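In UniProt numbering, the protein residues as written are 1 to 307. Positions of the beta carbon are idealized from the N, C-alpha and C atoms, including for glycine. These numbers come from a predicted model, not from an experiment.
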Ligand code: ASP
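This is the structure in structure tokens:
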């Protein structure tokens, strides 16, 4: 039997307000030019700081995760918003989801138009009676007060080259951005945003916009944001699995995360990772891929890493 790729895991003990982010598990640190890794590190730090500033002001976990994800969406370094991975037809189709720990959630899939898909997901949650909207119309996004961009805004030269060099979706050239937070009231939230996987078919939906698959939050258990080969995260309902292990399985966060990645992702031949925070402020960042862009601040300053 092929040995499972080892799960690398950072576990921070329960404390006060906390934020943890990821910029995707689809990175191989060994082949990342140093200028790109410096740019990504700076963007990760800015994203951690944006979320942390909200928590430090007594703001809500939901506002913190949206603030962090917006920074990552605006950065070309990551596969979300500008710099999204392209479909086989060279188009960008954006997916995003937000979830508050009281079960409110909103998501968009195959979207084009919002500069920040995470804010479109939040608008679905706050301004409609729905949870998930596919291809939301520009008129609706405008009515919701979202900043709109033309489709070429998302497309970068680097992603075009990546598509040219990718012969199949099965090469899994992917990424995603996400954040989880616990605020001063002990409430949690999660947000995730992605362009999906390079050379995916138009119309493909991965785990990111699906509640319980790539994104989950429950004020009684945990908030989770995932990244990785989305089909496996959908088949395993990975984010909800972490919640279920805490709620009914009595497992600790680190064990629940490690076993879930091993059993539902690694054992099925895939890679990925996630960030998670509990209402007590315990944080885990974990992945079984060669690297994962990530960062956190549990009250002692921003920490970031790639390898
Ligand atoms: N999970 C994303 C998707 O499958 C990609 C990623 O996180 O790398 O769309």
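- In the three-state reduction of the DSSP assignment, residue 124 falls in the helix class, which pools H, G and I.
- A residue is called buried once 16 or more other Cβ atoms fall within 10 Å of its Cβ, and residue 103, having fewer, is exposed.
- In the displayed model, residue 21 falls within a strand according to three-state DSSP.
- At least one heavy atom of the ligand ASP is found less than 8 Å from the C-beta of residue 231.
- Counting of Cβ neighbours within 10 angstroms places residue 35 among the exposed residues, the total staying below 16.
- Residue 13 counts as exposed, since fewer than 16 other beta carbons sit within 10 angstroms of its beta carbon.
- When rounded, the separation of the alpha-carbon atoms in residue 285 and residue 94 is 24 Å.
- Following the DSSP letters along the chain, one finds residue 51 inside the alpha helix (DSSP H) bounded by residues 34-56.
- In this structure, residue 222 sits away from residue 176, with a CB-CB distance that is not shorter than 9 Å.
- One Cα belongs to residue 127, the other to residue 249, and the distance between them is close to 36 Å.
- A distance criterion of 8 Å places the beta-carbon of residue 196 in contact range of the ligand ASP, judged by its closest non-hydrogen atom.
- Looking at the DSSP output, residue 133 sits in a beta bridge with 108.
- In the structure shown, the three-state DSSP call for residue 228 is strand.
- If you draw a 10 Å sphere on the C-beta of residue 225, you find 16 or more other C-beta atoms in it, and that means buried.
- For residue 68, the uninterrupted alpha helix (DSSP H) run begins and ends at 61-74, by DSSP.
- In terms of Cβ geometry, residue 69 and residue 80 form a close pair [threshold 9 Å].
- Beta-bridge partners of residue 297 (DSSP): 19.
- For residue 179, the enclosing beta strand (DSSP E) begins and ends at 177-182.
- Taking 8 Å as the cut-off, one finds no heavy atom of the ligand ASP near enough to the beta carbon of residue 2.
- The Cβ-Cβ distance between residue 97 and residue 62 does not fall below 9 Å.
- Bounds of the alpha helix (DSSP H) holding residue 260 are 253-260.
- Across the structure, residue 27 and residue 238 are spaced so that their CA atoms are roughly 20 Å apart.
- With contacts defined by Cβ atoms closer than 9 Å, residue 178 and residue 274 form a contacting pair.
- In this structure, the straight-line span from the alpha carbon of residue 162 to that of residue 152 is close to 16 Å.
- Counted as a single uninterrupted DSSP element, the beta strand (DSSP E) harbouring residue 9 occupies residues 8-12.
- Membership of residue 163 in any beta strand (DSSP E) is not indicated; the residue belongs instead to the alpha helix (DSSP H) covering 157-164.
- Between residue 24 and residue 194, the C-beta gap is smaller than 9 Å, which places the two residues in contact.
- The residue from 252, 43, 121 and 49 with its alpha-carbon nearest to that of residue 18 is 49.
- Closest option to residue 280, judged by alpha-carbon separation, among 121, 185, 192 and 294: 185.
- Between the ligand ASP and the CB of residue 25, the shortest heavy atom gap is smaller than 8 Å.
- Not one heavy atom of the ligand ASP lies closer than 8 Å to the C-beta of residue 288.
- Proximity of the segment 227-247 to the segment 212-219 meets the contact definition, three or more beta-carbon pairs being nearer than 8 Å.
- Annotated three-state conformation of residue 287 is strand, per DSSP.
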